[in-house]
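Undergrad: Chains as they are written, first to last, in numbering that gives the first Met the number 0: chain A, 0 to 189; chain B, 0 to 189; chain C, 0 to 189; chain D, 0 to 189. Below is a structure I'd like to ask you about.
There are 4 protein chains.
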Amino acid sequence: MSGAKERPLRADAARNRARLLEVATEVFTTRGVGVPTEEIARAAGVGVGTLFRHFPTKETLLGAVMVRRLETIAAQTAQLAAELEPADAFCACFRLVIEQSAGKNEFVQALAAADVDAHAALRESSEVIQAQLAKLLDGAQRAGAVRPELGLPELIALLAGTGTAMEHLGADPAARQRIFDVVFDGLRPH
Amino acid sequence: MSGAKERPLRADAARNRARLLEVATEVFTTRGVGVPTEEIARAAGVGVGTLFRHFPTKETLLGAVMVRRLETIAAQTAQLAAELEPADAFCACFRLVIEQSAGKNEFVQALAAADVDAHAALRESSEVIQAQLAKLLDGAQRAGAVRPELGLPELIALLAGTGTAMEHLGADPAARQRIFDVVFDGLRPH
Amino acid sequence: MSGAKERPLRADAARNRARLLEVATEVFTTRGVGVPTEEIARAAGVGVGTLFRHFPTKETLLGAVMVRRLETIAAQTAQLAAELEPADAFCACFRLVIEQSAGKNEFVQALAAADVDAHAALRESSEVIQAQLAKLLDGAQRAGAVRPELGLPELIALLAGTGTAMEHLGADPAARQRIFDVVFDGLRPH
Amino acid sequence: MSGAKERPLRADAARNRARLLEVATEVFTTRGVGVPTEEIARAAGVGVGTLFRHFPTKETLLGAVMVRRLETIAAQTAQLAAELEPADAFCACFRLVIEQSAGKNEFVQALAAADVDAHAALRESSEVIQAQLAKLLDGAQRAGAVRPELGLPELIALLAGTGTAMEHLGADPAARQRIFDVVFDGLRPH
DNA sequence: GATGAATGAGAATTCATTCAT
DNA sequence: AATGAATGAATTCTCATTCAT
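Below is the structure:
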């Protein structure tokens, strides 16, 4: 279904690609999507040409960064979901998503402004995570740990919102915990 | 406190300035800060030159838009605070801020990316609101309606976060209400 | 039908636009369409921005150059057609087109490679000329000066071809005349 | 005369070189010289590196394509010249050159824009053909079939021009024949 | 004061050519 | 020899800001 015929990719090319993704993630996250591609290339120690060989469009790069993030989160989520009781799993994953999503989240908007094909790759990863979240939510609700009237869209909105709140708070762990307290207590049936 | 000597400003100039702010608010809110200044000028029915005479920098314009929003919110907040019991006032104002802040909120980020002087004008308005929020929070906490361990920073973070959540949800009023339920229930002492 | 509402255009702006066209004609003609826009701007003594304000696309500029050429030719053709007997008019106009069309004629191809809208402006001018040529051809054929089996497409092809031949010949007037002799003698009924 | 010490060239290398020339001829002819080298390499089933090993410059490749064309034409011309009467040989060869030269003829211009060394290889092939054409012209003139005042430069210019005319006409054989009629009748003594 | 033309520093992207594998 | 990844100069176009009218 992911119809691309992926060549093995030479060792050094793979390294460059990985490095580029690494750097782009860092840069986009800390300084926003407005950063010039050239700067990302320089930071990765390659020429612009190389960047564009791997990601034919800035948007493609953006998408690849997102996908990588999503895949990481999906993997960790899967593990937590397997190891913990429904209610705990739900909380742990909620926290996980928040911690992993930190940074300027204009990403999504930047991508939303773009054409559909760019989304194609994202859609898949996105659906995987959403499915996981839906299952976690359902489990927590059956266990009576989360208000039954909430749907997946609200959960996603709350994740996004909590992420924003955390950004505004900076690193103070006590304050962050207080936010989690509010959200988790608010999520419980009332 | 605002050290500038403001001349009276001719009638038509004032009208232009007002119209520009109006339009800029609308445009920035619905289409983001990336919109070219020229387009804003055109939408306001003036030349770019006029825009830049009133707001010597795009960032200045952005700041002015923010200030206007903040002042509106501050005024409405003051009124609500005067009319309602502490607990109700807190909730009403929380909702108010959320509803008024709707739209592409890259604003803040765009401003954050800029130099300190641009903030100067904002700081004042910002402080006014923060003082109001602090008072509301304190009142609600004294009334036992809000967890006592929350500080102003957390409140602000939650406001920002709830705003983001609402954006992700679109216009569905029932879903929006469910988010408010979670947040307000979570804010209560547990 | 030419639906554009043309503003009067300020004096200096008009001068720049004219100069730009002048220079672009010269440059494209002598050095081909590959010349960077920036260089054209420089040669016209303006910044790139100005060039792109007047011609939002390199292709637009190309088109405008063509249109100008075509219009010049059309005007001169009209005059010659009015003043001379059919047979002479035909020859005179044939020569005229050749002399005016000199230069690297990749123009047309460059434009042909582009989208339809760019052609729109050209089409009109092009049709005007083609109508004139059709009339001239018809007149000359009625006068028995040109083979009756030739159609407009062949005439156009011959114009293009003779133009190419002239380019290959450079400025030697005697040689150019010999080419004309061949073509005109060949055009006569046999 | 061609001062390079040519090594025998391994069998597969020779095959690659041939294939490259084949493909480049096709591609340049149908799509113009703007096509990226990489694409030509891909179409030939080799890597760019290989292309550049055989032809150290895009221009070199262009030149080689031209040479190949010229050599083909020269060979066929020689055969026709040997088989036919002077007048017929002249006409047949004229047609031959036209038919073989079809396609986007920016070639020559592209080469003309380049430095002299690239021409060096061409010069030789070019001189061969020109000698043949001179002889054919002379023969036809002696036979009284072609105007005596025409020189080789005019013949070449007419060949180029007729080629252009044909390109403008597309494939319609009747129209093409009408062009030939004009040219051949024009070439006859008047 | 208002206007909108002019400016030019970027920004994304392409492509001939080089070079490590 | 062949490969294709890497390179970076060059190119088109945008947009905040300035300035002549």
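Glycine is no exception: its CB is placed at the ideal position from the N, C-alpha and C atoms. Everything numeric in this text was worked out from a predicted model, so none of it was measured.
Shortest alpha-carbon distance to residue 132 of chain C belongs to which of C:51, C:60, C:79 and C:179?
TA: Counted from its first residue, the third sequence places residue 132 of chain C at position 133. Among C:51, C:60, C:79 and C:179, the Cα nearest to that of residue 132 of chain C is on C:79.
Undergrad: Given a threshold of 16 other Cβ atoms within 10 Å of its Cβ, counted over all protein chains shown, does residue 167 of chain A qualify as buried or as exposed?
TA: Taking the first residue of the first sequence as position 1, residue 167 of chain A is located at position 168. Label assigned to residue 167 of chain A: buried.
Undergrad: Report yes or no: do three or more beta-carbon pairs, one from the region 138 to 147 of chain C and one from the region 140 to 149 of chain D, lie closer than 8 Å?
TA: no
Undergrad: Residues of chain B with CB closer than 9 Å to the CB of residue 64 of chain A, please, in chain order.
TA: For this step, residue 64 of chain A is matched to residue 65 along the first sequence. Result: empty, since nearest Cβ-Cβ is about 18 Å, beyond 9 Å.
Undergrad: Could you give the DSSP three-state label for residue 100 of chain D: helix, strand or coil?
TA: Counting from 1 along the fourth sequence, the entry for residue 100 of chain D is found at position 101. Three-state result, residue 100 of chain D: coil.
Undergrad: What three-state label does DSSP hand residue 146 of chain B in the structure shown?
TA: As a first step, residue 146 of chain B must be located in the second sequence, where it is residue number 147. Residue state, collapsed to three classes: coil.
Undergrad: What first and last residue would you give for the alpha helix (DSSP H) that runs through residue 55 of chain D?
TA: Stepping through the fourth sequence from its first residue, residue 55 of chain D is reached at position 56. Note, residue 55 of chain D: premise wrong, no alpha helix (DSSP H); not H, not E.
Undergrad: Can you tell me whether residue 153 of chain C is buried or exposed, with buried defined as 16 or more other CB within 10 angstroms of its CB?
TA: Taking the third sequence and counting its residues from 1, one reaches residue 153 of chain C at position 154. Counting Cβ neighbours within 10 Å, residue 153 of chain C comes out buried, since at least 16 surround it.
Undergrad: Please report whether the beta-carbon of residue 143 of chain A lies at a distance below 8 Å from any beta-carbon of chain B.
TA: Start at 1 with the first residue of the first sequence, and residue 143 of chain A comes out as number 144. It does not: the Cβ of residue 143 of chain A has no partner Cβ on chain B nearer than 8 Å.
Undergrad: So residue 184 of chain B is in the alpha helix (DSSP H); what residue range does that whole segment cover?
TA: Numbered from its first residue, the second sequence carries residue 184 of chain B at position 185. Its alpha helix (DSSP H) spans residues 172 to 186.
Undergrad: Taking 6 Å as the limit between beta carbons, can you name the residues of its chain near residue 4 of chain C, skipping five residues before and five after?
TA: Residue mapping note: residue 4 of chain C aligns to position 5 of the third sequence, counting from 1. Its pLDDT being 47, under 50, residue 4 of chain C is placed unreliably by the model, and the measurement read from it follows with that caveat. Contacts found: none.
Undergrad: Which same chain residues, not among the five before or five after residue 47 of chain A, have their C-beta less than 7 Å away from its C-beta?
TA: For the purposes of this step, residue 47 of chain A is identified with residue 48 of the first sequence, where counting begins at 1. Closer than 7 Å at Cβ, skipping near neighbours: 36, 37 and 40.
Undergrad: Which same chain residues end up closer than 6 Å to residue 129 of chain A when comparing Cβ atoms and leaving out the 5 residues on each side of it in sequence?
TA: For the purposes of this step, residue 129 of chain A is identified with residue 130 of the first sequence, where counting begins at 1. For residue 129 of chain A, where only same-chain residues beyond five positions count, there are no Cβ hits under 6 Å.
Undergrad: Where does the unbroken alpha helix (DSSP H) through residue 21 of chain C begin, and where does it stop?
TA: Your numbering for residue 21 of chain C matches position 22 in the third sequence. Run containing residue 21 of chain C: 10 to 30, per the alpha helix (DSSP H) assignment.
Undergrad: To the nearest angstrom, how far is it from the Cα of residue 127 of chain D to the Cα of residue 62 of chain A?
TA: Within the fourth sequence, the letter at position 128 stands for residue 127 of chain D. Within the first sequence, the letter at position 63 stands for residue 62 of chain A. Going from the Cα of residue 127 of chain D to the Cα of residue 62 of chain A covers about 58 Å.
Undergrad: State yes or no: is the beta carbon of residue 49 of chain C nearer than 8 Å to at least one beta carbon in chain D?
TA: In the third sequence, the residue the question calls residue 49 of chain C occupies position 50. Chain D places no beta carbon closer than 8 Å to that of residue 49 of chain C, leaving this residue out of the contacts.
Undergrad: In angstroms with no decimal places, state the Cα-to-Cα distance between residue 165 of chain D and residue 53 of chain D.
TA: Taking the first residue of the fourth sequence as 1, we reach residue 165 of chain D at position 166. Taking the first residue of the fourth sequence as 1, we reach residue 53 of chain D at position 54. Their Cα atoms are separated by approximately 33 Å.
Undergrad: Using the Cα positions of residue 169 of chain C and residue 97 of chain C, report the straight-line distance between them to the nearest angstrom.
TA: Working through the third sequence from its first residue, we reach residue 169 of chain C at position 170. Working through the third sequence from its first residue, we reach residue 97 of chain C at position 98. About 13 Å.
Undergrad: At a Cβ threshold of 8 Å, is residue 174 of chain A touching chain B?
TA: Taking the first sequence and counting its residues from 1, the one referred to as residue 174 of chain A is at position 175. For residue 174 of chain A, the answer is yes, since a Cβ of chain B falls inside 8 Å of its Cβ.
Undergrad: Return no unless some Cβ of chain C is closer than 8 Å to the Cβ of residue 83 of chain D.
TA: Here residue 83 of chain D refers to the residue found at position 84 when the fourth sequence is read from its first residue. Residue 83 of chain D does not count as touching chain C.
Undergrad: What's the C-alpha gap between residue 150 of chain B and residue 102 of chain B?
TA: The residue labelled residue 150 of chain B in the question sits at position 151 within the second sequence. The residue labelled residue 102 of chain B in the question sits at position 103 within the second sequence. Using only the alpha carbons, I get a separation of about 26 Å.
Undergrad: Along the region 153 to 172 of chain D, where does the CB come closer than 7 Å to a CB of chain C? Name the residues.
TA: 153, 155, 156, 157, 159, 160, 161, 163, 164, 167 and 168
Undergrad: Please return the same chain residues whose Cβ sits closer than 8 Å to the Cβ of residue 189 of chain D, not counting the five positions on each side in sequence.
TA: Here the question's residue 189 of chain D lines up with position 190 in the fourth sequence. Answer for residue 189 of chain D: 146, listed in chain order.
Undergrad: In whole angstroms, give me the CA-to-CA distance for residue 184 of chain C and residue 123 of chain D.
TA: By one-based count along the third sequence, residue 184 of chain C stands at place 185. By one-based count along the fourth sequence, residue 123 of chain D stands at place 124. Linking residue 184 of chain C to residue 123 of chain D through their CA atoms gives a straight-line distance of about 35 Å.
Undergrad: Around the C-beta of residue 162 of chain A, are 16 or more other C-beta atoms found within 10 angstroms, so that it is buried, or is it exposed?
TA: The residue given as residue 162 of chain A occupies position 163 in the first sequence. Under the 10 Å beta carbon count, residue 162 of chain A is surrounded by 16 or more other beta carbons and is classified as buried.
Undergrad: Leaving out the 5 sequence neighbours to the left and right, which residues in its chain are closer than 8 Å to residue 134 of chain C when beta-carbon positions are compared?
TA: Here residue 134 of chain C corresponds to residue number 135 of the third sequence, with the count starting at 1. Result list for residue 134 of chain C: 80, in chain order.
Undergrad: How many Å lie between residue 11 of chain A and residue 34 of chain D at the Cα?
TA: Taking the first residue of the first sequence as position 1, residue 11 of chain A is located at position 12. Taking the first residue of the fourth sequence as position 1, residue 34 of chain D is located at position 35. Taking the straight line from one Cα to the other gives about 29 Å.
Undergrad: Does the distance from the CB of residue 19 of chain B to the CB of residue 43 of chain B come in under 8 Å?
TA: The count along the second sequence starts at 1 and reaches residue 19 of chain B at position 20. The count along the second sequence starts at 1 and reaches residue 43 of chain B at position 44. Yes.
Undergrad: Buried or exposed: where does residue 91 of chain C fall if 16 or more other Cβ atoms within 10 Å of its Cβ makes it buried?
TA: For the purposes of this step, residue 91 of chain C is identified with residue 92 of the third sequence, where counting begins at 1. Residue environment for residue 91 of chain C: buried (at least 16 other C-beta atoms within 10 angstroms of its C-beta).
Undergrad: Leaving aside the five residues before and after residue 94 of chain A along the sequence, list all residues of the same chain whose C-beta is less than 8 Å from its C-beta, in chain order.
TA: Stepping through the first sequence from its first residue, residue 94 of chain A is reached at position 95. In the same chain as residue 94 of chain A, and ignoring 5 residues on each side of it, the C-beta atoms closer than 8 Å to its own belong to 179, in chain order.
Undergrad: On the DSSP letters alone, give me the boundaries of the alpha helix (DSSP H) that residue 154 of chain B sits inside.
TA: Stepping through the second sequence from its first residue, residue 154 of chain B is reached at position 155. Element bounds for residue 154 of chain B: 151 to 168.
Undergrad: So the alpha helix (DSSP H) residue 37 of chain B belongs to, where does it begin and stop?
TA: By 1-based counting over the second sequence, the position of residue 37 of chain B is 38. That run of the alpha helix (DSSP H) goes 36 to 43.
Undergrad: Answer with buried or exposed for residue 2 of chain B, where buried requires no fewer than 16 other C-beta atoms within 10 angstroms of its C-beta.
TA: The residue labelled residue 2 of chain B in the question sits at position 3 within the second sequence. Unreliable positioning characterises residue 2 of chain B in this predicted model, as indicated by a pLDDT of 45, which lies under 50. The coordinate reading is nonetheless provided below. The residue in question, residue 2 of chain B, is exposed, as its Cβ has fewer than 16 Cβ neighbours within 10 Å.
Undergrad: Counting only C-beta atoms, is residue 135 of chain C closer than 8 Å to chain D at any point?
TA: On the third sequence, residue 135 of chain C is found 136 positions in, with the first residue counted as 1. It does not: the Cβ of residue 135 of chain C has no partner Cβ on chain D nearer than 8 Å.
Undergrad: Short check: CB of residue 181 of chain A to CB of residue 186 of chain B, under 8 Å?
TA: If you number the first sequence from 1, residue 181 of chain A lands on position 182. If you number the second sequence from 1, residue 186 of chain B lands on position 187. A contact, by the Cβ cut-off of 8 Å.
Undergrad: Should residue 189 of chain A be flagged as near chain B, meaning a C-beta pair shorter than 8 Å?
TA: Here residue 189 of chain A refers to the residue found at position 190 of the first sequence. With 8 Å as the cut-off, residue 189 of chain A counts as an interface residue toward chain B.
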